[in-house]
Amino acid sequence: MSARGTDAHRTGISLGVGVVGVLAGLLFATNASLFADQQGRQPTDFEDLVRSEASRLDETNARYQALDDEVNRLLAQESEAGSAGTITTQMRFAAGRTAATGPGVTVSLSDSPLIHDVPEGFSADALLVHQQDLEGVINALWSGGAEAITVQGHRLGPLTKIRCVGNVLLVDGNVYSPPYVISAIGESDALRAGLDQSDAVRVYRDYVDQVSLGYSVVDEDQLEMPRIEGGLSMEYARLPGEEPISWQQPASDQRDGENS
Numbered sequence: 023m024s025a026r027g028t029d030a031h032r033t034g035i036s037l038g039v040g041v042v043g044v045l046a047g048l049l050f051a052t053n054a055s056l057f058a059d060q061q062g063r064q065p066t067d068f069e070d071l072v073r074s075e076a077s078r079l080d081e082t083n084a085r086y087q088a089l090d091d092e093v094n095r096l097l098a099q100e101s102e103a104g105s106a107g108t109i110t111t112q113m114r115f116a117a118g119r120t121a122a123t124g125p126g127v128t129v130s131l132s133d134s135p136l137i138h139d140v141p142e143g144f145s146a147d148a149l150l151v152h153q154q155d156l157e158g159v160i161n162a163l164w165s166g167g168a169e170a171i172t173v174q175g176h177r178l179g180p181l182t183k184i185r186c187v188g189n190v191l192l193v194d195g196n197v198y199s200p201p202y203v204i205s206a207i208g209e210s211d212a213l214r215a216g217l218d219q220s221d222a223v224r225v226y227r228d229y230v231d232q233v234s235l236g237y238s239v240v241d242e243d244q245l246e247m248p249r250i251e252g253g254l255s256m257e258y259a260r261l262p263g264e265e266p267i268s269w270q271q272p273a274s275d276q277r278d279g280e281n282s
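In C-alpha cells:
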C-alpha cells in the first residue's frame with residue numbers, strides 16, 4: 023500500500039542439551055533439502071512438477087515433525103533435570119516454536135466503507151488500512167506485554183515478514199484481504215493500555231473518527247495459537263570466489279518497515 027502523503031504521517035549443561043542443539047539444527051536445515059536433490063530433473067509438464075514437489079514437501083514435513091517430536095522429548099527430560107531445559111523451552115516459546123494458549127485481546131482493522139464516496143479534503147488512500155497501521159498495533163501489543171501474537175491466524179516469530187501490497191496483506195507469502203485480525207495473548211488490561219499509549223494507534227483512531235476506518239478491540243477468554251512451522255535457509259552476500267555462507271532459521275523476517 024502506498025504512503026498517506028499529505029493526508030497524514032501515519033507513519034550445566036548435560037549431554038541432552040547438546041543433543042537438543044544438534045536436533046534443532048537439523049530441524050532448521052530440513053527445508054533446505056527440499057529442492058536440492060533433484061536439480062537436474064526436467065519434468066514433462068507443470069502438473070508432473072507440482073505432484074512431484076508436493077510429494078517431496080510431504081516427506082520433508084514428516085521428517086521435520088519426527089525431529090521436532092524428538093526435540094520436545096529431550097526438552098521434557100532436561101526440564102526435569104534442571105534450569106537448562108527450562109531456558110531452552112523459554113527460548114523456543116519466544117521464537118514461536120511451541121503452541122501458545124491463554125487469554126488476551128483481538129484487534130480488527132478494516133478499510134473505510136466510504137471508499138467509493140471519499141469525504142472532501144481526503145484522498146482515497148486515507149480510507150485504507152496501511153502497513154504502518156498494522157505495525158503500530160503489533161508493536162503496541164508487544165509493548166503491552168503480549169506473550170504471543172497472530173495476524174490472520176498466522177503466528178508471528180522473530181523473523182516473520184509482514185508487507186502490504188496493493189490492497190492485500192502478505193504474511194510470510196500468504197495473501198490476506200481486510201478485515202485484518204490481530205490477536206495477542208496476555209493480560210487484557212495491559213494490552214489495551216499498550217494500544218492506548220501508542221502514538222501510531224492514536225493517529226489511526228483519529229482516522230477512524232474522520233473517515234470511518236474500522237477498529238475494534240475485544241477481550242478473549244481463551245486464545246489458541248499454533249507454533250511456527252517449517253524453516254528458511256538464508257544466504258549472505260559474499261565476494262567473488264568466496265564460498266556461500268548459509269544460515270537456517272525457523273521463520274522469515276518479521277517486520278519489513280517499509281510501505282509498498
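When the count follows the numbering used here, it moves up by one through the sequence shown with no breaks and lands on 282 for the last residue.
Note that beta-carbon positions come from the ideal geometry of N, C-alpha and C, so glycine has one too.
Considering only the beta carbon of each residue, do residue i and residue j sit closer than 8 angstroms?
i, j, result
"L156", "I184", "yes"
"S132", "P201", "yes"
"A212", "G166", "yes"
"V233", "T128", "no"
"I204", "I171", "yes"
"A206", "A146", "no"
"M247", "A88", "no"
"H176", "N196", "yes"
"V193", "T182", "yes"
"G208", "G126", "yes"
May I ask you to list the residues that DSSP assigns as paired with residue i?
i, result
"S205", "T128, T172"
"E92", "DSSP, once it has assigned bridges, lists no residue as partnering E92."
"R227", "Answer by DSSP bridge pairing: none, since R227 is not bridged."
"A162", "For A162, which the question treats as bridged, DSSP gives no partner whatsoever."
"Y198", "L191"
"T123", "E246"
"R177", "T172"
Let's see if you can read the secondary structure: which residues bound the beta strand (DSSP E) around residue i?
i, result
"E142", "Counting along the chain, E142 falls outside any beta strand (DSSP E), and DSSP gives it neither H nor E."
"Q244", "236–247"
"R260", "Segment: none, R260 is in no beta strand (DSSP E) and carries neither H nor E."
"L181", "Unbroken run through L181: none, as it is neither H nor E."
Just confirm the distance between the C-beta atoms of residue i and residue j, as a whole number of angstroms; I'd bet it's less than 8 angstroms.
i, j, result
"G124", "L245", "6 angstroms"
"S130", "S238", "5 angstroms"
"V151", "L235", "7 angstroms"
"Q219", "Y198", "That belief does not hold up - the Cβ atoms of Q219 and Y198 are roughly 27 angstroms apart, past 8 angstroms."
Got a sec, what are the start and stop residues for the alpha helix (DSSP H) residue i sits in?
i, result
"Y216", "The sequence as given places Gly at residue 216; Tyr does not occur at that position. Start and end: 210–218."
Would a check of beta-carbon distances place residue i closer than 8 angstroms to chain B?
i, result
"G175", "Looking for chain B here will not work: only one protein chain is present."
Would you check whether the ligand ZN has a heavy atom nearer than 7 angstroms to the C-beta of residue i?
i, result
"E69", "The ligand ZN is absent from the structure shown, which contains no ligand whatsoever."
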